[in-house]
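Residues in the sequence shown are numbered from -13 upward in steps of one, following the numbering used here. Using N, Cα and C, we set each Cβ at its ideal position, and we do this for glycine too.
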Amino acid sequence: MMVNCPKCGFSQPKDRYCASCGIDMVTFRPAQKPFATRIVQSTALQVVTLGLVVAGVAVYVRDQNRAELSKQLSNDQQIASKIAESQNLQEESEAARVAANDYAQQQAVEREERERSNAQSNAQLNAQNFASQTTQSADALPVAAAAASASPSPSPSASPQAAAGAAGTAAGAAGELAKSLSIYFVEVPRGQINDLLAQSRQNGGDGISNFGVVREAQKSFALIRNFRKVEAATDQPIRLNQPNVTFKGTHDVASGQNFGINVQAVPVSSDENGIRFQIDANRVLRDPNA
-13 MMVNCPKCGF SQPKDRYCAS CGIDMVTFRP AQKPFATRIV QSTALQVVTL
37 GLVVAGVAVY VRDQNRAELS KQLSNDQQIA SKIAESQNLQ EESEAARVAA
87 NDYAQQQAVE REERERSNAQ SNAQLNAQNF ASQTTQSADA LPVAAAAASA
137 SPSPSPSASP QAAAGAAGTA AGAAGELAKS LSIYFVEVPR GQINDLLAQS
187 RQNGGDGISN FGVVREAQKS FALIRNFRKV EAATDQPIRL NQPNVTFKGT
237 HDVASGQNFG INVQAVPVSS DENGIRFQID ANRVLRDPNA
């Protein structure tokens, strides 16, 4: 039977004394290791140390995640605050825009009412002069023509602009004035409409319509009559203090509105050259956003 020496580890047959170092293998007790060495080499200490390291790493990761979440929450709150401020600004801007549009529409309606009232006042003031000159004139008078911009359906040779013309039918017998008025619609290139507006006196506009007094109207509208008519002329009797009205367009049953061109001709005065009319042409279009 072989045994190992507890001191030097020499292997030999079983005996009391070691053949290598000579110690008594029966009574020999090895020197005890220092406490610090035993603690360091302890398996329990190693397990506890590993557990503490793992716990520390877990706590560090948790704190980092909490800090990141807190920072993200703060950023989200700032972004939400900025979005709310932006929405408030947009709402205020939208409210201001709506108020401005309402004010502009109100101003346009008031301006149109003032112009219509002025036209009616002028017609009433000149009614007596018109009536007296109508009965005293000895010659058949040509009738002046006038036009306002409009927009019937476009054609290949014309831009989407047109002119609404008005002319009185001259009487054949001496001593008579024109008794009827013909209002018709023709397609006119946009360039010629712009030229008429550019050459008119007191030319102006409000962003919705343009207006002005056309000089040499007979010459200008003699050219307009050469363009293609989109609606035949209709004769209407000339009546004192009553405008001659012609409408070209459609009636919307759902909204109860008329969409198209409304032309109003009011006799305002007459002289040896003819009868003077004030022509108002209003265009009403559908709202593309409706």
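*asked:* Going by beta-carbon coordinates alone, are A81 and L167 separated by less than 8 Å?
replied: Within the sequence shown, residue 81 is the residue found at index 95, counting from 1. Within the sequence shown, residue 167 is the residue found at index 181, counting from 1. Cβ atoms of A81 and L167: not closer than 8 Å.
*Near R262, which residues of its chain fall below 7 Å by C-beta distance, leaving aside the five closest residues on each side in sequence?*
Counting from 1 along the sequence shown, the entry for residue 262 is found at position 276. Result list for R262: A130, V254, S255, S256, in chain order.
_Just to confirm my understanding: we take F116, look at its own chain, exclude 5 residues before and 5 after, and list those with CB closer than 7 Å. What are they?_
Counting from one through the sequence shown, the residue named residue 116 turns up at place 130. Only weak support exists for where F116 lies, its pLDDT of 43 falling under 50; the coordinates are left without a value.
*Which residues in the same chain have their Cβ closer than 8 Å to the Cβ of T121, if we skip the five residues on either side of it in sequence?*
The residue labelled residue 121 in the question sits at position 135 within the sequence shown. The predicted position of T121 is uncertain, since its pLDDT is 38 and thus under 50; a value taken from the coordinates is nonetheless stated next. Within its own chain, no residue has a Cβ closer than 8 Å to the Cβ of T121 once the five positions on either side in sequence are excluded.
_Please classify L182 as buried or exposed, where buried requires at least 16 other C-beta atoms within 10 Å of its C-beta._
For the purposes of this step, residue 182 is taken as residue 196 along the sequence shown, with counting starting at 1. Buried, since its Cβ has 16 or more Cβ neighbours within 10 Å.
*Near D238, what residues of its chain come up, given a Cβ to Cβ distance below 7 Å and the 5 sequence neighbours on each side ignored?*
The residue given as residue 238 occupies position 252 in the sequence shown. So the list reads F245, once near-sequence residues are dropped.
*Taking C-alpha atoms, which residue in L31, N74, E77 lies nearest to A22?*
Position 36 of the sequence shown, counted from the first residue, corresponds to residue 22. The shortest C-alpha separation from A22 is found at L31.
*Any idea which residues DSSP pairs I247 with across the strands?*
Reading the sequence shown from its first residue, position 261 is the one you call residue 247. DSSP lists K234, R269 as partners of I247.
*CB F14 to CB S6, shorter than 8 Å?*
Your numbering for residue 14 matches position 28 in the sequence shown. Your numbering for residue 6 matches position 20 in the sequence shown. Their beta carbons are not under 8 Å apart, which means F14 does not touch S6 by this criterion.
*Taking buried to mean at least 16 other C-beta atoms within 10 Å of its own C-beta, is M11 buried or exposed?*
Along the sequence shown, read from residue 1 onward, the residue named residue 11 stands at position 25. A buried status is given to M11, since no fewer than 16 other beta-carbon atoms sit within 10 Å of its beta-carbon.
*In terms of alpha-carbon separation, which member of A164, N180, N275, F213 lies closest to E258?*
In the sequence shown, residue 258 corresponds to position 272, counting from 1. Nearest option by C-alpha distance: A164.
*According to the Cβ coordinates, are I179 and V249 closer than 8 Å?*
For the purposes of this step, residue 179 is taken as residue 193 along the sequence shown, with counting starting at 1. For the purposes of this step, residue 249 is taken as residue 263 along the sequence shown, with counting starting at 1. No, the Cβ-Cβ distance between I179 and V249 is not below 8 Å.
*Let me know the secondary structure DSSP gives F263 once reduced to three states.*
Stepping through the sequence shown from its first residue, residue 263 is reached at position 277. Strand at F263.
*asked:* Going by DSSP in three states, I169 sits in which element: helix, strand or coil?
replied: Stepping through the sequence shown from its first residue, residue 169 is reached at position 183. The answer is strand: DSSP assigns I169 an E or B state.
*On the three-state DSSP scale, how would you describe Q(-2)?*
Stepping through the sequence shown from its first residue, residue -2 is reached at position 12. Reduced to three states, the DSSP call for Q(-2) is strand.
*Give the straight-line distance between the Cα atoms of S291 and Q73, rounded to the nearest whole angstrom.*
The question about residue 291 has no answer here: the residues shown for the chain are numbered -13 through 276.
*Can you give me the start and stop residues for the alpha helix (DSSP H) that V174 sits inside?*
In the sequence shown, the residue the question calls residue 174 occupies position 188. Premise fails: V174 is in no alpha helix (DSSP H) and is neither H nor E.
_Beta-carbon separation (whole angstroms), V174 vs F233, contact threshold 8 Å_ = Reading the sequence shown from its first residue, position 188 is the one you call residue 174. Reading the sequence shown from its first residue, position 247 is the one you call residue 233. No, V174 and F233 are not in contact; Cβ-Cβ is about 19 Å, not under 8 Å.
*Any Cβ of chain C within less than 8 Å of the Cβ of N104?*
In summary, chain C is missing from the structure at hand, where a single protein chain is found.
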